[in-house]
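For reference, the structure is listed below as structure tokens.
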Amino acid sequence: MTGLPESARPRERLLRLGIGALSDPELVAILLGSDRPEGLTLVTADEDLQAFGPVTTLW
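The numbering of the sequence shown is this note's numbering, which starts it at 864 and goes up by one.
Okay, structure coming up:
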């Protein structure tokens, strides 16, 4: 997710602020990885959560 400012990148936010500071889409984006173009991982994560429900129901 190099297209996002460093302060908005989920992995960097996780390291800086801890897991409690991340939204569900940010957590899923970390799991999906960063092989998608600029910010698309967050969009994909958000779409997946809308389709399958919140993170707490995924495991």
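For glycine and all other residues, C-beta sits at the position ideal for the given N, C-alpha and C.
Source: prediction; values computed, not measured.
DSSP places L912 in the helix class (H, G or I) of the three-state scheme.
Judged by DSSP secondary structure, L890 falls within the alpha helix (DSSP H) whose first and last residues are D887 to L895. In the three-state reduction of the DSSP assignment, P868 falls in the coil class, being assigned neither a helical nor a strand state. If you ignore the 5 residues before and after L912, its C-beta comes within less than 8 Å of the C-beta of D887, P888, V891 and V918, all in its own chain and listed in chain order. Put simply, the backbone Cα of L885 is about 19 Å away from that of G866.
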